Amino acid sequence: MSSLQPVRGTHDLLPETARRHRAVIDIARRVAECYGYQEIATPIFEFSEVFKRTLGDTSDIVTKEMYSFTDRGGEQLTLRPEATAGVARALISGGLSQQLPLKFFCHGPMFRYERPQKGRLRQFHQIDVELLGVAQPLGDIEVIALGAQILRELGVYDRVVLELNTLGDTESRQAYRAVLVDYFKAHRDRLSEDSLGRLERNPLRILDSKDEGDRRLVAEAPLFTDFLNDASRDFFAAVTAGLESLGIPYKLNPRLVRGLDYYCHTAFEFTTEALGAQGTVMAGGRYDGLVAMMGGPATPGIGWAAGIERLAMLLAAETPAIRPIAVIPVGAAEEAAALRLTESLRRAGITVDLGYGGNLGKRMKRANRMNASAAVILGEDEQARGVAAVRDLDSGEQEEVPLNALRDHLARYR
RNA sequence: GCGGGUGUAGCUCAGGUGGUUAGAGCGCCAGAUUGUGGAUCUGGAUGUCGUGGGUUCAAGUCCCAUCACUCGCCCCA
Numbered sequence: 001m002s003s004l005q006p007v008r009g010t011h012d013l014l015p016e017t018a019r020r021h022r023a024v025i026d027i028a029r030r031v032a033e034c035y036g037y038q039e040i041a042t043p044i045f046e047f048s049e050v051f052k053r054t055l056g057d058t059s060d061i062v063t064k065e066m067y068s069f070t071d072r073g074g075e076q077l078t079l080r081p082e083a084t085a086g087v088a089r090a091l092i093s094g095g096l097s098q099q100l101p102l103k104f105f106c107h108g109p110m111f112r113y114e115r116p117q118k119g120r121l122r123q124f125h126q127i128d129v130e131l132l133g134v135a136q137p138l139g140d141i142e143v144i145a146l147g148a149q150i151l152r153e154l155g156v157y158d159r160v161v162l163e164l165n166t167l168g169d170t171e172s173r174q175a176y177r178a179v180l181v182d183y184f185k186a187h188r189d190r191l192s193e194d195s196l197g198r199l200e201r202n203p204l205r206i207l208d209s210k211d212e213g214d215r216r217l218v219a220e221a222p223l224f225t226d227f228l229n230d231a232s233r234d235f236f237a238a239v240t241a242g243l244e245s246l247g248i249p250y251k252l253n254p255r256l257v258r259g260l261d262y263y264c265h266t267a268f269e270f271t272t273e274a275l276g277a278q279g280t281v282m283a284g285g286r287y288d289g290l291v292a293m294m295g296g297p298a299t300p301g302i303g304w305a306a307g308i309e310r311l312a313m314l315l316a317a318e319t320p321a322i323r324p325i326a327v328i329p330v331g332a333a334e335e336a337a338a339l340r341l342t343e344s345l346r347r348a349g350i351t352v353d354l355g356y357g358g359n360l361g362k363r364m365k366r367a368n369r370m371n372a373s374a375a376v377i378l379g380e381d382e383q384a385r386g387v388a389a390v391r392d393l394d395s396g397e398q399e400e401v402p403l404n405a406l407r408d409h410l411a412r413y414r
């Protein structure tokens, strides 16, 4: 193995993988457009403040996972660990609040300084959807339905489960949080070490602990549903009713808690068993407080992000490269004509491979290796008669086609 | 950040208890086949044995460190 290694947790997207990624992005973009979402792109780095302020000082992302650096001008910058904060910043700095509601789709690399695992990288890629300016449950329903439809079109929907929970509005959440903290503090001695830390940082997370002792304690803990106020309860009921009316099955998971501070009401994750510990394939929720927290006008929002690497790993179907037409000059005398023919076919939008050297046999081998659908063979005879030999590389059948009819003839191989 | 596993050719992997020139299959290259690919046959090339140090007369093999990957925890896409 070479000593030239890529940076830990980063990955080259070689043609086969790149094709899979592109398939995910293309399908997601197309479906998102059907729902009226427009593609945007924000910078892959922002002032560190943008993330610090929105993700919460206690979140793992901010405390230990940010790729931050000082640039030559002394600015504190951070490679984006997620997309939502940047989109919210764009909304504010672009003065887009005048045009609400806004529906955005974007995709690109994200960066987190984590210990890599399968499906967990330091540079990874996400597709992302954000709906801004819609306070009604209809927004939550649309965004989840959009995610479900993308997963369906990708052909992974049957291996994925939609888990759903509500975090309530601020009032409900703070009431519950207080009660929960009291409860766990009363049983502090029975909490795992991890959960003692969570008690300070994000007590709701204890509900999702995998520790045996914690789980026993959690089983006795007060229930969130008992602390939801009427507005929160109604809101969530409307979301679930909407999903049911669309035939989108979901599993209520009262322990589903988002890691980031800005979430409220609907929280959801599409998860799979097929990817080991990194089973979350698409996750999101409502973030009504985010834009205001950044200093913009109070703007409700809801969205999700999905990991392209994780989706690509689930993709069952191969994503083959386009099959080219191979143009093959028999001898050196035909090379110039082959070059001109190749160029004219390419200008007509046909994918053409022209080998760079070798005799007929070598070039045929290359055509085969490139998975070419047909070979257009130009020899001395053919040239003299204004035709080319066209060989179907699947059937092995060969026929002569006049040069001026070639372009139309090749259409059958697309 | 914590704990376990792995690292030999481009890929998948063999290489009992240390012992001379490190192997296989697939792939790659060349030839049989200088106007016809796939199949077959023949031949060929490719390794700082992840890296660095140590033990030893001798290390792919044992020890330590380090890097990367991997499984789990933490957390998350």
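Numbering (the numbering used here), first residue to last: 1 to 414.
The beta carbon of each residue, even a glycine, is placed where N, CA and C say it ideally should be.
The structure presented is a predicted model; accordingly, all values stated were derived computationally and were not measured.
Nearest-angstrom Cα distance between Arg-346 and Ser-395? 24 Å
Which residues does DSSP list as the beta-bridge partners of Tyr-67? Leu-79
What residue from Thr-84, Gln-98, Leu-96 and Asp-169 has the CA that sits closest to Asp-128's CA? Thr-84
Helix, strand or coil for Asp-211, going by three-state DSSP, please let me know. coil
What first and last residue would you give for the alpha helix (DSSP H) that runs through Val-50? 48–55
What does the alpha-carbon distance come out to for the pair Tyr-35 and Arg-385? 55 Å
On the CB-based measure, 16 or more other CB atoms within 10 Å of its CB, does Asn-470 come out buried or exposed? In the structure as shown, the chain starts at 1 and stops at 414, and residue 470 therefore has no counterpart that could be examined.
DSSP has Ile-400 in a bridge; who is on the other side? Here residue 400 turns out to be Glu, not Ile, going by the sequence shown. The partner list for Glu-400 (beta bridge, DSSP) reads Ala-389.
Chain-order list of residues whose beta-carbon lies under 8 Å from that of Thr-351 (same chain, five-residue window excluded): If we look at Thr-351 and ignore the five residues flanking it on each side, its Cβ neighbours are Ile-322, Arg-323, Pro-324 and Ile-325.
Limits of the beta strand (DSSP E) - the one that Gly-108 falls within: 102–111
Look up Ile-328 in the DSSP assignment and give the residues it is bridged to. Ile-377
Among Ala-283, Arg-255, Thr-319 and Asp-169, whose alpha-carbon lies nearest the alpha-carbon of Phe-227? Asp-169
On the three-state DSSP scale, how would you describe Ser-2? Reliability fails at Ser-2, whose pLDDT of 37 lies under 50, so the model's placement of it is uncertain and the value that follows must be treated cautiously. DSSP places Ser-2 in coil when its eight states are reduced to three.
Could you give the residue range of the beta strand (DSSP E) that holds His-125? Start and end: 123–132.
Going by C-alpha distance, which of Ala-292, Lys-362 and Ala-305 is nearest Ala-88? Nearest of Ala-292, Lys-362 and Ala-305 to Ala-88, Cα basis: Ala-292.
Just to confirm the assignment, what range does the alpha helix (DSSP H) spanning Gly-73 have? No alpha helix (DSSP H) contains Gly-73, which DSSP labels as neither H nor E.
CA-to-CA distance, Leu-102 to Gly-361, given in whole angstroms: It is roughly 58 Å from the alpha-carbon of Gly-361 to the alpha-carbon of Leu-102.
For Gln-383, does the three-state DSSP call read helix, strand or coil? helix
Pick from Leu-138, Arg-22, Leu-393 and Tyr-67: whose alpha carbon is nearest that of Ile-308? When only C-alpha atoms are compared, the closest one is Arg-22.
Entirely enclosed beta strand (DSSP E) segments - the stretch 335–373, minimum 3 residues: 352–354
Length of the line joining the Cα atoms of Ala-411 and Val-387: Rounded to whole angstroms, Ala-411 to Val-387 spans 17 Å at the Cα level.
Endpoints, the beta strand (DSSP E) within which Leu-314 is located: Unbroken run through Leu-314 is the alpha helix (DSSP H), 308–314; no beta strand (DSSP E).
If you draw a straight line from the C-alpha of Met-1 to the C-alpha of Leu-406, how long is it? Caution is warranted here: a pLDDT of 35 is assigned to Met-1, below 50, making its placement in the model unreliable, and the coordinate value is therefore given only provisionally. Answer to the nearest angstrom: the Cα atoms are 47 Å apart.
If you follow the alpha helix (DSSP H) that Leu-154 is in, where does it begin and where does it stop? 137–154
Can you look up Thr-427 in the DSSP assignment and give me helix, strand or coil? There is no way to answer for residue 427, as the model of the chain reaches only from 1 to 414.
Between Val-24, Glu-318 and Val-143, which has its C-alpha nearest Ile-302's C-alpha? Val-143
Whole runs of the beta strand (DSSP E) within the stretch 146–206, excluding any shorter than 3 residues: Within the stretch 146–206, the complete beta strand (DSSP E) segments of 3 residues or longer fall at 161–166, listed in chain order.
Under 8 Å by Cβ, that's how I've got Ser-97 and Thr-299 pegged, so tell me the actual separation to the nearest angstrom. 6 Å
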